[in-house]
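Residue numbers (the working numbering): 56 to 366. To start, the structure itself, in structure tokens.
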Amino acid sequence: MANDTRAPGARASEAAAREAGAPGPGAGSGAAEEPRAQARVLVASGTGKTGRRVAARLAGARIGTRNPAGRDAVAFDWSRPESWGPALDGVEAAYLAYYPDITAPEAADALGAFARLAAARGVRRLVLLSGRGMEGAAAAERAVREAGTGWTVLRASWFAQNFSEEFLVHEVRAGEFTLPAVPGLVEPFVDAEDIADVAAAALTAPDGAHAGRVYELTGPRALSLEEAAARISAAAGREVRYRPSAPGAYAGLLAAQGLPPEVAGLLSELFSQVLDGRNAAPTGDVEAVLGRPAREFTAYARAAAAAGAWS
Ligand SMILES: NC(=O)c1ccc[n+]([C@@H]2O[C@H](COP(=O)([O-])OP(=O)(O)OC[C@H]3O[C@@H](n4cnc5c(N)ncnc54)[C@H](OP(=O)(O)O)[C@@H]3O)[C@@H](O)[C@H]2O)c1
């Protein structure tokens, strides 16, 4: 496209969307700044990093959790299909973040069965959180896309919040985090706030502008792990270092930190796959959907530090 000034990744992901049978580039439907009235939405894994942010943007959203408490919460467990029907009662759209990971061996079957149940119950839109460059996510994405509802797939790059709300937070607090060594690696960490804004837009766009689309969600620029550590250090007001782990040693390290061996193995395998440089180029998809640039890592780090994530 001669006059196309978008990032190469944005063009690539629009191509992925067309390949998936989607209409042309989605018009920005605007970020949700205030909770808004809309169709009833179920947020599955609604207390997680992205789910709770999606729910906060949608007035009256039903928060799926294994331990429901409060007016908006509903019992929901990916491993208990009997919880799915009641959670879907009266629901028109749902956000799906699979736990523990969309590449888990059972994920495609569970997501497919859930999506077919949703279709049978008249749910019109499913927004699936997937991962950028994750080969193991293809079957789960396909299962949701083929279930018979409208769908949008959000393929996110590494979350910035992995440093402040996930497995890395304790290491970051202690001043040093370890990840597998990949010479020259850069990653365009995406802010979970951006994922939630895009998900809210896809769940509520009145014209279904995001139906049948695959978005690749990244931050605005790629950073090395050393640069990420430097920005966290500056925001936190003390030094945080990145320590590369030797190839092959990472799963053992995670297990030694108390993760169940199967989860340690899954994460290690996943990281060696998605942190191999395949996801280095940022896309313009956050901006294309929201009409504003994706959030900078520095803004994320300052907000996380101000919220006490590393204190
Ligand atoms: N982290 C990344 O960098 C990254 C990048 C790309 C894609 N992803 C994808 O993101 C997805 C996870 O989304 P997330 O990070 O927003 O979630 P998350 O923070 O990992 O979600 C944790 C929530 O899952 C719930 N949960 C635990 N077991 C559950 C079960 N059996 N059934 C239902 N819910 C359960 C827990 O809520 P309750 O205790 O309240 O039930 C918990 O609050 C994964 O599929 C992963 O592949 C992650």
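Where a beta carbon is used, it is the ideal one built from N, C-alpha and C, also for glycine.
C-beta atoms of P337 and P261 nearer than 9 Å: P261 is positioned such that its CB atom lies no closer than 9 Å to that of P337.
The stretch 198-207 in contact with the stretch 343-360 per 3-pair CB rule at 8 Å: With a cut-off of 8 Å, the stretch 343-360 and the stretch 198-207 do not count as touching, because too few Cβ pairs lie within range.
Cβ contact check for the stretch 298-305 and the stretch 167-178: 3 or more pairs under 8 Å: Pairwise C-beta distances place the stretch 298-305 out of contact with the stretch 167-178, as fewer than three of them are shorter than 8 Å.
F131: CB within 8 Å of a non-hydrogen atom of ligand 1: Result yes, Cβ under 8 Å from ligand 1.
Short Cβ contact (9 Å threshold) for A163 with A211: Taking 9 Å as the Cβ cut-off, A163 and A211 do not qualify as a contacting pair.
When V146, G145, A128 and G119 are compared against R135, the one with the closest alpha-carbon: The shortest C-alpha separation from R135 is found at G119.
contact_flag[the stretch 186-193, the stretch 149-166] where n(CB pairs < 8 Å) is 3 or more: Per the Cβ contact rule, the stretch 186-193 is in contact with the stretch 149-166 (3 or more Cβ pairs under 8 Å).
Euclidean distance between Cα positions of E231 and I287: Taking the straight line joining both Cα atoms gives about 11 Å.
Length at least 4, wholly inside the stretch 142-188: the alpha helix (DSSP H) runs in chain order: Runs found: 162-175.
H265 classed as buried or exposed, judged by whether at least 16 other C-beta atoms fall within 10 angstroms: Under this definition H265 is a buried residue.
Three CB pairs or more closer than 8 Å across the stretch 109-118 and the stretch 127-144: Flag = yes, the stretch 109-118 and the stretch 127-144 touch.
Other residues of its chain near R296: CB distance less than 7 Å, five sequence neighbours each side excluded: Answer for R296: G230, E231 and A284, listed in chain order.
Supposed close pair A251, T102 - CB separation, criterion 8 Å: Contact doesn't hold; Cβ gap of about 13 Å is too wide.
Local conformation of G205 per DSSP, three classes: In the displayed model, G205 falls within a strand according to three-state DSSP.
Proximity test, S323 beta-carbon vs ligand 1 heavy atom, cut-off 8 Å: No, Cβ of S323 sits at least 8 Å from all heavy atoms of ligand 1.
Whole-number beta carbon distance between L166 and A198, since they are thought to touch under 8 Å: About 5 Å separates the Cβ atoms of A198 and L166, confirming a contact at the 8 Å cut-off.
Limits of the alpha helix (DSSP H) - the one that R286 falls within: Looking at the DSSP string, the run of the alpha helix (DSSP H) that includes R286 is L280 to A291.
Alpha-carbon spacing of S323 relative to G313, whole angstroms: The straight-line gap from Cα to Cα measures roughly 14 Å.
Assigned secondary structure, T233 (DSSP; H/G/I helix, E/B strand, else coil): Reduced to three states, the DSSP call for T233 is strand.
DSSP state of E196 mapped onto helix, strand, coil: Three-state result, E196: helix.
R350 CB to nearest heavy atom of ligand 1 below 8 Å: Residue side-chain check: R350 keeps its Cβ at 8 Å or more from all non-hydrogen atoms of ligand 1.
Beta-carbon proximity list for A291, same chain, < 7 Å, skipping 5 on both sides: So the list reads A360 and W365, once near-sequence residues are dropped.
Supposed close pair V253, L345 - CB separation, criterion 8 Å: Contact flag correct, Cβ pair sits at about 7 Å.
Cβ pair Y150, L97 closer than 9 Å: Yes. Within cutoff.
Euclidean distance between Cα positions of W139 and V182: Distance between the alpha carbons of W139 and V182 is about 16 Å.
CB contact flag (A335, G274, <9 Å): In this structure, A335 sits away from G274, with a CB-CB distance that is not shorter than 9 Å.
G303 in three-state terms, based on DSSP: Three-state DSSP puts G303 in coil, outside helix and strand.
Distance CB(G363)-CB(L240) smaller than 9 Å: Against a cut-off of 9 Å, the Cβ pair of L240 and G363 comes out as no contact.
Contact set for A92: own chain, Cβ-Cβ below 8 Å, skip 5 residues either direction: Unreliable positioning characterises A92 in this predicted model, as indicated by a pLDDT of 44, which lies under 50. The coordinate reading is nonetheless provided below. Taking A92 as the centre and dropping the five residues before and after it, the same chain places the C-beta of A114 and G115 closer than 8 Å to its C-beta, in chain order.
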